[in-house]
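Trainee: Residue numbers (my numbering), protein chains in the order written: chain A, 1 to 170; chain B, 1 to 170. Here a beta-carbon is modelled for each residue, glycine too, at the ideal position from N, C-alpha and C. None of these values were measured; they are calculated from a predicted model. Quick one: the structure is below, questions incoming.
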DNA sequence: CAGTTTATGTCAGCCTTGTTGACATTCCAA
DNA sequence: TTGGAATGTCAACAAGGCTGACATAAACTG
């Protein structure tokens, strides 16, 4: 199967979109598009002393204010030690506030400060601008397909996290 | 506009797919899906002493055998120093062969060895399997939309590279 | 055709961000 | 009340980005 020309052509249906060549194009599209996806916020971040990891933390703290470190860990899929380094700098720089939980004092609840929200807005605006342009160029049907495929590419665990965030949103 | 509810609702058309909330969901879908996209090859690679950078190099050398280092640099969008570290280990381990150009002796042309092709197959199979499952679940129309949006998300320079590769393919 | 400029690739060293291991604090249940 | 589980922090290391300095080959220029 490694170099078979079509991988799903056993059936009689029109499965030409499942040929290895089509899949490879999808893989490469994913690779190049992700670069574009991160390019604009990355540019903003390197001007300050931050990286993509800081952006991710800021994004999800903004999305779910008061979230715990542990919850953020599950969303981001990194180790707590790795996240901790990022959080430490964000807290030290006054962009994130960490409050000890009142019911469970082991927990730290995370919030963006005013400065944090300002930076979040800058980063979001940049990233959304590109996404908006892409969505508008592609049209609503293409966008629906885009999201369907992306969801199907996630692990079930990620899907659940994604859906939970989605539903908490609007 | 940073926290406006809709960003494109000036027009009378049905532009509800361009609301900030929809864009944010697209952003998060991209984030989670990319994790899934890289998860399977990553697992294979960490067993050996390689990382995602090695995978990318192997992928595109396989895609365009005989490519020069400089060409690969443009495709991957990293610095030559960064790529060089990866190439050096791949060559040392006998997965990639580097031949001095005959017309222009400054150039090095890159090829996968037999072992290199074997690893490439393993990685490709893993990544394609997930992509195939996602494509099949989503169906051909969704896949078309997926690719349309991803292409619209690339910089024009990347789009050109992507298209060139695509057309050289089948 | 000699000297300079350009193209290409390599080496050294730094930074971000991932990893594992060790540990302090807090909570809860036996 | 004490021992284990949960939560978060600190230290040290590895991968893979980056810039800067440099060697060599090719191309250009007077």
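So, for residue 126(B): in the same chain, excluding its five sequence neighbours on each side, which residues have a beta-carbon less than 7 angstroms away from its beta-carbon?
Mentor: On the second chain, position 126 is the one that residue 126(B) refers to. So the list reads 40, 41 and 44, once near-sequence residues are dropped.
Trainee: Are the region 51–61 of chain B and the region 90–103 of chain A touching, with three or more C-beta to C-beta distances below 8 angstroms?
Mentor: Touching, no, given that fewer than three Cβ pairs across the two stretches are closer than 8 angstroms.
Trainee: Are the Cβ atoms of residue 63(A) and residue 150(A) separated by less than 9 angstroms?
Mentor: Working through the first chain from its first residue, we reach residue 63(A) at position 63. Working through the first chain from its first residue, we reach residue 150(A) at position 150. Contact flag unset, no.
Trainee: Name the chain B residues whose beta carbon is nearer than 7 angstroms to that of residue 33(A)?
Mentor: Along the first chain, read from residue 1 onward, the residue named residue 33(A) stands at position 33. Within chain B, the residues near residue 33(A) are 150, 153 and 154.
Trainee: Quick check on residue 177(A): does DSSP put it in helix, strand or coil?
Mentor: Beyond the ends of chain A as shown, which are 1 and 170, falls residue 177(A); an answer cannot be given.
Trainee: Hey, does residue 166(A) have any beta-carbon neighbour from chain B nearer than 9 angstroms?
Mentor: For the purposes of this step, residue 166(A) is taken as the residue at position 166 of the first chain. True, the Cβ-Cβ gap to chain B drops below 9 angstroms.
Trainee: Which whole-angstrom value is the C-beta distance of residue 78(B) and residue 108(B), which I expect to be below 8 angstroms?
Mentor: For the purposes of this step, residue 78(B) is taken as the residue at position 78 of the second chain. For the purposes of this step, residue 108(B) is taken as the residue at position 108 of the second chain. That belief does not hold up - the Cβ atoms of residue 78(B) and residue 108(B) are roughly 16 angstroms apart, past 8 angstroms.
Trainee: When the Cα atoms are used, what is the spatial distance from residue 19(B) to residue 32(A)?
Mentor: Looking up residue 19(B) in the second chain gives position 19. Looking up residue 32(A) in the first chain gives position 32. One C-alpha to the other measures close to 25 angstroms.
Trainee: Under 7 angstroms, CB to CB, which of the residues in the region 49–71 of chain A have a partner in chain B?
Mentor: Per Cβ criterion, the list is empty.
Trainee: Reducing DSSP to helix, strand and coil, say where residue 9(A) ends up.
Mentor: Reading the first chain from its first residue, position 9 is the one you call residue 9(A). The pLDDT assigned to residue 9(A) is 42, lower than 50, so where the model puts this residue is not dependable, and the model offers no usable value.
Trainee: Taking the alpha-carbon of residue 117(A) as reference, which of 26(A), 157(A), 38(A) and 61(A) has the nearest alpha-carbon?
Mentor: In the first chain, counting from the first residue as 1, residue 117(A) sits at position 117. Checked all of 26(A), 157(A), 38(A) and 61(A); the closest Cα to residue 117(A) is 61(A).
Trainee: Which chain A residues sit within Cβ distance under 7 angstroms of residue 17(B)?
Mentor: Taking the first residue of the second chain as 1, we reach residue 17(B) at position 17. Going along chain A in sequence order, the residues near residue 17(B) (Cβ under 7 angstroms) are 135, 140 and 143.
Trainee: Near residue 16(B), what residues of its chain come up, given a Cβ to Cβ distance below 6 angstroms and the 5 sequence neighbours on each side ignored?
Mentor: Taking the first residue of the second chain as 1, we reach residue 16(B) at position 16. Hits under 6 angstroms: none found.
Trainee: So residue 169(B) and residue 142(A) are supposed to be a Cβ contact under 8 angstroms. How far apart are they, rounded?
Mentor: Counting from one through the second chain, the residue named residue 169(B) turns up at place 169. Counting from one through the first chain, the residue named residue 142(A) turns up at place 142. In fact, because the Cβ distance is near 22 angstroms, the residues do not count as touching under 8 angstroms.
Trainee: Quick one: does residue 44(B) have its CB under 9 angstroms from some CB of chain A?
Mentor: Counting from one through the second chain, the residue named residue 44(B) turns up at place 44. With 9 angstroms as the cut-off, residue 44(B) does not count as an interface residue toward chain A.
Trainee: Among residues of its own chain, excluding the 5 on either side of residue 162(B), which ones have a beta-carbon nearer than 8 angstroms to its beta-carbon?
Mentor: Taking the second chain and counting its residues from 1, one reaches residue 162(B) at position 162. Excluding residues within five positions, the ones whose Cβ falls inside 8 angstroms are 151 and 154.
Trainee: Quick check on residue 162(B) - is its C-beta less than 9 angstroms from some C-beta in chain A?
Mentor: Residue numbering aside, residue 162(B) sits at position 162 when the second chain is read from its first letter. Yes, because at least one Cβ of chain A sits closer than 9 angstroms to the Cβ of residue 162(B).
Trainee: Which partner residues of residue 96(A) appear in the DSSP bridge assignment?
Mentor: Your numbering for residue 96(A) matches position 96 in the first chain. Answer is 112(A).
Trainee: Are the Cβ atoms of residue 50(B) and residue 113(B) separated by less than 9 angstroms?
Mentor: For the purposes of this step, residue 50(B) is identified with residue 50 of the second chain, where counting begins at 1. For the purposes of this step, residue 113(B) is identified with residue 113 of the second chain, where counting begins at 1. In this structure, residue 113(B) does not lie closer than 9 angstroms to residue 50(B) by Cβ.
Trainee: Just how far apart, CA to CA, sit residue 106(A) and residue 30(B)?
Mentor: Along the first chain, one-based indexing puts residue 106(A) at 106. Along the second chain, one-based indexing puts residue 30(B) at 30. In a straight line, the C-alpha of residue 106(A) is about 32 angstroms away from that of residue 30(B).
Trainee: Between the alpha carbons of residue 74(B) and residue 80(B), how many angstroms are there, rounded?
Mentor: By one-based count along the second chain, residue 74(B) stands at place 74. By one-based count along the second chain, residue 80(B) stands at place 80. The straight-line gap from Cα to Cα measures roughly 9 angstroms.
Trainee: To the nearest angstrom, how far is the alpha carbon of residue 132(B) from that of residue 85(A)?
Mentor: Translated into the one-based positions of the second chain, residue 132(B) becomes position 132. Translated into the one-based positions of the first chain, residue 85(A) becomes position 85. Cα-Cα distance, rounded: 37 angstroms.
Trainee: Helix, strand or coil for residue 1(A) per DSSP?
Mentor: Locating residue 1(A) in the first chain gives position 1, where the first residue counts as 1. Unreliable positioning characterises residue 1(A) in this predicted model, as indicated by a pLDDT of 42, which lies under 50. A coordinate reading is not provided.
Trainee: Short of 7 angstroms Cβ to Cβ, which residues in the region 74–93 of chain B face chain A?
Mentor: The region 74–93 of chain B vs chain A, Cβ under 7 angstroms: 77.
Trainee: For the alpha helix (DSSP H) holding residue 48(B), just list the boundary residues, first then last.
Mentor: For this step, residue 48(B) is matched to residue 48 along the second chain. Segment: none, residue 48(B) is in no alpha helix (DSSP H) and carries neither H nor E.
Trainee: Measuring only between beta-carbons, confirm whether residue 22(B) sits less than 9 angstroms from chain A.
Mentor: To locate residue 22(B), count along the second chain from 1; it is residue 22. It does: the Cβ of residue 22(B) has a partner Cβ on chain A nearer than 9 angstroms.
Trainee: Figure out for me which residue from 24(A), 95(A), 156(A) and 38(A) has the closest Cα to the Cα of residue 119(A).
Mentor: Translated into positions along the first chain, residue 119(A) becomes position 119. Nearest option by C-alpha distance: 95(A).
Trainee: Whose C-alpha, out of 21(A), 58(A), 91(A) and 92(A), is nearest the C-alpha of residue 207(A)?
Mentor: Outside the displayed range of chain A (1 to 170) lies residue 207(A), so it cannot be described from this structure.
Trainee: How should residue 172(B) be labelled, buried or exposed, when 16 other C-beta atoms within 10 angstroms of its C-beta is the threshold for buried?
Mentor: Because chain B spans 1 through 170 in this model, residue 172(B) falls outside it and cannot be assessed.
Trainee: DSSP state of residue 103(A), grouped into three classes?
Mentor: Counting from one through the first chain, the residue named residue 103(A) turns up at place 103. Correct three-state label for residue 103(A): coil.
Trainee: Between residue 123(A) and residue 24(B), what straight-line distance do the alpha-carbon atoms span, to the nearest angstrom?
Mentor: Residue mapping note: residue 123(A) aligns to position 123 of the first chain, counting from 1. Residue mapping note: residue 24(B) aligns to position 24 of the second chain, counting from 1. Straight-line Cα distance between these residues: approximately 12 angstroms.
Trainee: Between the alpha carbons of residue 139(A) and residue 158(B), how many angstroms are there, rounded?
Mentor: Numbered from its first residue, the first chain carries residue 139(A) at position 139. Numbered from its first residue, the second chain carries residue 158(B) at position 158. Rounded to whole angstroms, residue 139(A) to residue 158(B) spans 21 angstroms at the Cα level.
Trainee: Output the distance between the C-alpha atoms of residue 65(B) and residue 87(B), rounded to the nearest integer angstrom.
Mentor: Stepping through the second chain from its first residue, residue 65(B) is reached at position 65. Stepping through the second chain from its first residue, residue 87(B) is reached at position 87. Computed Cα separation, rounded: 14 angstroms.
Trainee: Using CA coordinates, which residue listed in 135(B), 148(B), 115(B) and 160(B) is at the minimum distance from residue 148(A)?
Mentor: Here residue 148(A) is taken as the residue at index 148 of the first chain, counted from 1. Out of 135(B), 148(B), 115(B) and 160(B), 135(B) has the C-alpha closest to the C-alpha of residue 148(A).
Trainee: Just to confirm my understanding: we take residue 67(A), look at its own chain, exclude 5 residues before and 5 after, and list those with CB closer than 6 angstroms. What are they?
Mentor: The residue labelled residue 67(A) in the question sits at position 67 within the first chain. Taken in chain order, the residues that qualify are 110.
Trainee: Residues of chain A with CB closer than 9 angstroms to the CB of residue 111(B), please, in chain order.
Mentor: Locating residue 111(B) in the second chain gives position 111, where the first residue counts as 1. Within 9 angstroms Cβ-Cβ: nothing; residue 111(B) doesn't reach chain A, min ~17 angstroms.
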